[in-house]
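Line by line, the protein sequences give chains A and B. For the record, in the first sequence the residue sitting at position 481 is 481 according to the working numbering, with numbers rising by one throughout. With the second sequence counted from 1, adding 1000 to any position gets you the working numbering.
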Amino acid sequence: MTFESVFEFFFKYRPVVFEKGRLAFAAPWSLTVVAVIGALVAAIAVITYARSRTEKRRDRIVLSTLRIAAMALLLFCLARPILLVPTVIPQRNFLGILVDDSRSMQIADQDGQQRGEFVRHAFGSPDSTLRAELAERFMLRFFSFSSTTQRIDSLAQLQGTGSETDVAQALDAARRELAAVPLSGLIVLTDGADNSESSLTETLISLKASSVPVYTVGLGKERFDRDIQLSRVETPRNVLQGSSLVVDLVIEQTGYRRQNVEVSVEDEGRIIATQQVRLPDDGEAATVRVPFKADETGPRRVRFYVEPQEGEQVTANNELEALIVVEDRSERILYFEGEPRFEVKFLRRAVEDDENLHLVTLQRTAENKFLRLGVEGAEELAGGFPRTRDELFAYRGLILGSVEASFFTHDQLQMIEEFVSQRGGGLLVLGSRRSLGRGGYQDTPLADVLPVVMPPTRSDAVEGFYAELQIESTRSGLTHPATQIAGDMESSAQRWTELPAVSAVNPIYSVKPGAVTLLTGSAAELDEPIVVLSYQRYGRGKAIAFPIQDSWLWQMHADMPLDDMTHETYWRQMLRWLVSYVPDPVSATASRDRVGQNQSVVITAEVQDETFLSVNNAEVTAEVIAPSGARADVPMEWAVDADGEYRVGFVPDEMGLHEIRVTASKNGEYLGEYSTFVESADLATEYFDAEMRVTLLQQIAEETGGRFYTPENVATLPEDVSFTESGTTVVEERDLWNMPIVFFVLLILVGVEWGYRRRRGLV
Amino acid sequence: MAAIPYRSLMLAAITLLVLGVSAAGSARLMGQGESERYRQRRSQGERPDPMAEDPPRGREFYFTRAAYTGYGRRGFDSWAVDYPKADRQFLIGLRRLTNIEAYEMENPIYLDDPDLRRYPFLYMLEVGYMQLTTAEVIGLREYLLAGGFLFIDDFWGTWEWMNFESEMLRVLPDHRIVDLSLDHGLLSVFYEIDGLVQVPNVGQGVRGGPTWESDGYNPALRGILDDKGRLMVVINWNTDLGDAWEWAENPFYPLKFSNYAYQIGINTIVYAMSH
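In structure tokens:
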């Protein structure tokens, strides 16, 4: 027995009638006459009781109050109270019925039946109960919606194959379609699992303004009994071939609390990594970091999945795909070393087999005497450290070894700052007696760039500092791609602690706010660990500090087996990280890397010249190369709100991988080109977050003056919809004097008075 | 009375003598006596040079000298020829002419000392008579394969070469010694060196006599490359750079020899620290 049925028993009508209606009195005489009669009757009662000598004062008050209340109730009835309820005139108004036709309606969580089954049952034929009741009062118009909305004549046209649920768009479309007719409201039959990017706010405001109530019927379960969902994966868009990646994967579940499952990573059908995961508590999300390696070049569809578990409600949400472009190119990094150091030899050796890293070394061997290694021509670095932006900005990464700040001119230091902040390059500063604080970098432009806090002045404690450090990875370092030196995260963390001690001569104890420390080092003579590897984003680029002077010991030390690759692995990953996400002068990104059919994608290009100054008014073209090989040139427009930024939107018209090759030039001068990729695919987004969303459906109903229903209470819908001021309506009068509650109260008042008298012996 | 079998006695005595001499010889050739001596020293915690100070940690470069088993021609431990004056004097030049942050003093170390792997540059001379123990062979092999760099100096003539070559075959059985041509990067990495110079020992240099010893008439620059073609051993044969460093301040020792010795020494170190 629900609240509504109890209410209806006592008050004759359902609460909605009282909500919609307005109280009035329909007595043939005026209310003043009734009030006067009431006052007279009350006065007589009071006077009668007041004159009675036999009763005590308290009895007189109680009895006269009870009598007056009973009289008042009778007078209320005599005044003939009514409810004025606006009601539609039968068959003069229209009702729009919007039926969700997306795939999530196929989920069978409605008492073992598909969500769509309820719609077929309640509205499928003209004889269906709900439909028949509505049809008695309204002209019904049916719509099906998913990513778009169509008018349908019969529910047999529903297919349940839409790849998106866009409620806002559906409401707008139905209201537009029915704008010319008296519209009493809209009924939306959906699970509410809206996965579009549309905003509901404006839709709701306009519905409210035009007084169109929306009645939402929520289908499906608010929470699945048993389900595992990979909710989100965050992967880099572009990586160098052979790079180690650690991607964040968000897993949610219900019904499999704290069970272990295996997450697999598949690159075009080949399993490249697996990871055991302990599932979180019900309803909680757990972030899992999965490391793997990008070996194959080109745009790769990488699939992450958990095998379907026994009894799972929805299995399509157990997998996610991401598009990662694995690039096979040689990234140029300049390593400037201020003195001959073994770090140079071993660092160069560590990366010499890595075809994707090209280390150019400039080493000062004596005052004003430089050794160049790995240069591409006689001209490269012939004048020593670069003096112009285009010379320095040609590199994607810069390593500074044991070189003091005073070696550089102020312009060069400023240029290094801009290399990071404007060019977006990676800067790595190594530890040595001439770097960081000991190199006098405190008051230079690099002090801001570096992630570490340098001692404010040179002092004996700083100058004489020497510590042999046992390395340990921090919590951030545990999962960072640059610090993965063994098969998995736990063994990497363990491996760091086992490596031979290396030494530092730069006492760095703290990092800037916003900087992240990945490795620390401790020694018996130190009160607290010192920073060994730390980084921060700075402008468009990043700055890394590695204040260690002899990482070559990880290669040479007697405790390291000859075939151990830790040193090589560390430096390769470090340098790949250094140049990761470093932009080209011309670059492009797609708003989404995977889109469903007919979904649009926006391409944004950033155009700069070789000194990385933004170029406006360039001729920028996006050539879209479809999977069939069909090519189409789309001119890109300068987005006036951002320097050097150009945008264009397009809808892929084929399924599969599209290459978008952006080419930029200005006044006939070629500036550069860049390729990005978009995959048009049959996305399974409908199965993600597919549980019925009560809050959304309640919000739509409440803000528009409608109501939210579930299949359990939807039977009252036809009557509720009738009480509307929208459309062509009349005002119905509904008597209230004969509400059962009136008689019950009257009986109670009289009964209590009688009982009181008996008890007090006044009968 | 039976006749004494003089012939048999003579034969037995000769046989014993031959056996004894050959045993002693082979023991010496195998370095077993030396090995035992070093083992004893080492087990007593003795360092190659008990007088040398322990080097401080954390410096960038140490002129590290290999202390190995072998008799020198001059009757003392061959590893210590010119030691420590040559080392110190070369370091003075190295520190002045380059900005290598070098430890100022000598740093001798046994080849089988694990600490050897803390010093990626190693100097070794008088290798014509070296007779490495198995532990030293393994120590040197692993040092080189891990990335260490060996600089060989001061041995002369065919006989010493053969001994050195056979010892190096024990250290690196899969690697062959190759000639380094004059256009090798080693000769231009710091100083531009046009040609090889035979550097005589101090006696001959001061007297102005012939520059060669034994049958080592022509100086040679050779090397051993690792599997990736990177230089790991530089061999200066038929030349005595150590004496030129040691006696560079001697006004009677010709400048051209010490000049060359410093140049090739510095080039080798700069090369070893960058390649």
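Note that beta-carbon positions come from the ideal geometry of N, C-alpha and C, so glycine has one too. Computed from a predicted structure; not experimentally measured.
Of the residues that make up the stretch 489-516 of chain A, which ones have a beta carbon closer than 7 angstroms to any beta carbon in chain B? Closer than 7 angstroms at the C-beta level to chain B, one finds these residues of the stretch 489-516 of chain A: Ser503, Val505.
My guess is that Leu186 of chain A and Val214 of chain A are in contact by the Cβ rule of under 8 angstroms, so how many angstroms apart are they, rounded? For this step, residue 186 of chain A is matched to residue 186 along the first sequence. For this step, residue 214 of chain A is matched to residue 214 along the first sequence. With a contact defined as Cβ atoms closer than 8 angstroms, Leu186 of chain A and Val214 of chain A qualify at about 5 angstroms.
So the candidates are A:Leu746, A:Leu158, A:Ala316; which of them puts its Cα closest to the Cα of Glu307 of chain A? Taking the first residue of the first sequence as 1, we reach residue 307 of chain A at position 307. Closest option to Glu307 of chain A, Cα to Cα, is A:Ala316.
Can you tell me whether Gly1223 of chain B sits near the ligand PLP, meaning its C-beta is under 7 angstroms from at least one heavy atom of the ligand? The ligand content of the structure shown is nil, which means the ligand PLP is not present either.
Answer yes or no: does any C-beta atom of chain B fall closer than 8 angstroms to that of Ala405 of chain A? Residue 405 of chain A sits at position 405 when you count from the first residue of the first sequence. By this cut-off, Ala405 of chain A is not an interface position.
Look at the Cβ atom of Leu240 of chain A, then the Cβ atom of Glu312 of chain A, and state whether they are nearer than 8 angstroms. Reading the first sequence from its first residue, position 240 is the one you call residue 240 of chain A. Reading the first sequence from its first residue, position 312 is the one you call residue 312 of chain A. Going by C-beta atoms, Leu240 of chain A is not nearer than 8 angstroms to Glu312 of chain A.
For Thr474 of chain A, the nearest candidate out of A:Ser534, A:Ile508, A:Gln422 (CA to CA): For the purposes of this step, residue 474 of chain A is taken as the residue at position 474 of the first sequence. The shortest Cα separation from Thr474 of chain A among A:Ser534, A:Ile508, A:Gln422 belongs to A:Ser534.
With three or more beta-carbon pairs closer than 8 angstroms as the criterion, would you say the stretch 723-742 of chain A touches the stretch 215-234 of chain A? Segment contact: the stretch 723-742 of chain A against the stretch 215-234 of chain A, fewer than three CB-CB distances shorter than 8 angstroms; contact not assigned.
In the DSSP output, what is Val1274 of chain B paired with across the bridge? Along the second sequence, one-based indexing puts residue 1274 of chain B at 274. Per the sequence shown, the amino acid found at residue 1274 of chain B is Ser instead of Val. According to DSSP, residue pairing for Ser1274 of chain B in a beta bridge does not occur.
Which of the three DSSP states is assigned to Leu219 of chain A in this structure? As a first step, residue 219 of chain A is located in the first sequence; it is residue number 219 there, counting from the start. Three-state result, Leu219 of chain A: coil.
Residue span of the beta strand (DSSP E) that contains Ala286 of chain A, given as start and end: In the first sequence, the residue the question calls residue 286 of chain A occupies position 286. It spans 285-294 - the beta strand (DSSP E) in which Ala286 of chain A sits, taken as one unbroken run.
To test your reading of the DSSP string, which unbroken beta strand (DSSP E) runs of 3 or more residues are found completely within the stretch 461-508 of chain A? Within the stretch 461-508 of chain A, the runs of beta strand (DSSP E) at least 3 residues long that lie entirely inside it are, in chain order, 467-473, 502-504.
Between Ala350 of chain A and chain B, is there a C-beta pair that is closer than 8 angstroms? For this step, residue 350 of chain A is matched to residue 350 along the first sequence. No, because no Cβ of chain B sits closer than 8 angstroms to the Cβ of Ala350 of chain A.
Considering only residues of the same chain and omitting the five flanking positions on each side of Ser1022 of chain B, which have a CB-CB separation below 7 angstroms? Here the question's residue 1022 of chain B lines up with position 22 in the second sequence. The predicted position of Ser1022 of chain B is uncertain, since its pLDDT is 43 and thus under 50; a value taken from the coordinates is nonetheless stated next. Here Ser1022 of chain B has no same chain residue with a Cβ atom under 7 angstroms from its own Cβ, once five neighbours each way along the sequence are excluded.
Take Val777 of chain A as the anchor and find which of A:Thr479, A:Gly672, A:Ser492 has the nearest alpha-carbon. Since the first residue shown for chain A is 1 and the last is 763, residue 777 of chain A is missing from the structure and cannot be characterised.
Cutoff 8 angstroms: Thr365 of chain A Cβ touching any chain B Cβ: Here the question's residue 365 of chain A lines up with position 365 in the first sequence. Judged by the 8 angstroms Cβ criterion, Thr365 of chain A is in contact with chain B.
Going along the chain, which residues of its own chain have a beta-carbon closer than 7 angstroms to the beta-carbon of Leu78 of chain A, five neighbours each way excluded? Translated into the one-based positions of the first sequence, residue 78 of chain A becomes position 78. Result list for Leu78 of chain A: Ala27, Val34, in chain order.
Are there 16 or more other CB atoms within 10 angstroms of the CB of Trp1161 of chain B, so buried, or fewer, so exposed? Taking the first residue of the second sequence as 1, we reach residue 1161 of chain B at position 161. Under the 10 Å beta carbon count, Trp1161 of chain B is surrounded by 16 or more other beta carbons and is classified as buried.
Quick check on the burial criterion: 16 or more other C-beta atoms within 10 angstroms. Buried or exposed for Val6 of chain A? By 1-based counting over the first sequence, the position of residue 6 of chain A is 6. Exposed is the call here.
Check whether chain A comes within 8 angstroms of Pro1048 of chain B, counting only Cβ atoms and requiring the distance to be less than that. Taking the first residue of the second sequence as position 1, residue 1048 of chain B is located at position 48. Output row for Pro1048 of chain B: interface = no.
Report the rounded CA-to-CA distance for Leu427 of chain A versus Thr287 of chain A, giving the unit in angstroms. Within the first sequence, numbered from 1, the residue matching residue 427 of chain A stands at position 427. Within the first sequence, numbered from 1, the residue matching residue 287 of chain A stands at position 287. Those two C-alpha atoms are separated by around 30 angstroms.
Residue range of the unbroken beta strand (DSSP E) whose run includes Lys666 of chain A: By 1-based counting over the first sequence, the position of residue 666 of chain A is 666. 656-666 is the extent of the beta strand (DSSP E) around Lys666 of chain A.
Looking at chain A, is there any beta carbon in it that lies within less than 8 angstroms of the beta carbon of Gly1148 of chain B? Residue 1148 of chain B sits at position 148 when you count from the first residue of the second sequence. Under the Cβ distance rule, Gly1148 of chain B counts among the residues neighbouring chain A, one pair being separated by less than 8 angstroms.
What span of residues does the beta strand (DSSP E) with Arg141 of chain A cover, start to end? Start at 1 with the first residue of the first sequence, and residue 141 of chain A comes out as number 141. For Arg141 of chain A, the enclosing beta strand (DSSP E) begins and ends at 138-145.
Count the other CB atoms, across all protein chains shown, that sit within 10 Å of the CB of Tyr1068 of chain B; report buried if there are 16 or more and exposed otherwise. As a first step, residue 1068 of chain B must be located in the second sequence, where it is residue number 68. Buried: at least 16 other Cβ atoms inside 10 Å.
What ranges does the alpha helix (DSSP H) occupy inside the stretch 323-398 of chain A, keeping only unbroken runs of at least 4 residues that lie completely in it? Runs of the alpha helix (DSSP H) inside the stretch 323-398 of chain A: 342-351, 389-392.
Chain B contact residues for Gln555 of chain A, given Cβ-Cβ distances below 8 angstroms: Here residue 555 of chain A refers to the residue found at position 555 of the first sequence. Listed by position along chain B, the residues whose Cβ is nearer than 8 angstroms to that of Gln555 of chain A are Ala1146, Gly1147.
Looking at the structure shown, is Phe708 of chain A part of a helix, part of a strand, or coil, going by DSSP? The residue you call residue 708 of chain A lines up with position 708 of the first sequence. Phe708 of chain A falls in the strand class under three-state DSSP.
So, does the stretch 149-156 of chain A touch the stretch 672-681 of chain A, judging by three or more C-beta pairs under 8 angstroms? In short, these stretches do not touch, since the Cβ pair count stays below three.
Closer than 8 angstroms between beta carbons: that is the criterion. Which residues of the stretch 1094-1107 of chain B meet it against chain A? If the cut-off is 8 angstroms between Cβ atoms, the stretch 1094-1107 of chain B has Leu1097, Thr1098, Asn1099, Ile1100, Glu1101 near chain A.
When DSSP builds the beta bridges, which residues end up paired with Ser614 of chain A? Numbered from its first residue, the first sequence carries residue 614 of chain A at position 614. In the DSSP assignment, the residues bridged to Ser614 of chain A are A:Gln608.
Ile1264 of chain B to Gly425 of chain A, Cα distance in whole Å? Along the second sequence, one-based indexing puts residue 1264 of chain B at 264. Along the first sequence, one-based indexing puts residue 425 of chain A at 425. Computed Cα separation, rounded: 39 angstroms.
Member of A:Arg67, A:Arg278, A:Asp390 whose CA lies at the smallest distance from the CA of Gln412 of chain A: By one-based count along the first sequence, residue 412 of chain A stands at place 412. Its Cα nearest to that of Gln412 of chain A, the residue A:Asp390 stands out among A:Arg67, A:Arg278, A:Asp390.
Identify whether Gly1265 of chain B lies in helix, strand or coil by the three-state DSSP scheme. Along the second sequence, one-based indexing puts residue 1265 of chain B at 265. The three-state secondary structure of Gly1265 of chain B, taken from DSSP, is helix.
Does the beta-carbon distance from Val752 of chain A to Leu66 of chain A come in below 8 angstroms? The sequence position of residue 752 of chain A within the first sequence is 752, counting from 1. The sequence position of residue 66 of chain A within the first sequence is 66, counting from 1. It is a contact, given that the beta carbons lie within the stated cut-off.
Partner residues on chain B for Val579 of chain A, Cβ-Cβ distance less than 9 angstroms: Within the first sequence, the letter at position 579 stands for residue 579 of chain A. Within chain B, no residue comes near Val579 of chain A; the closest Cβ sits about 22 angstroms away, beyond 9 angstroms.
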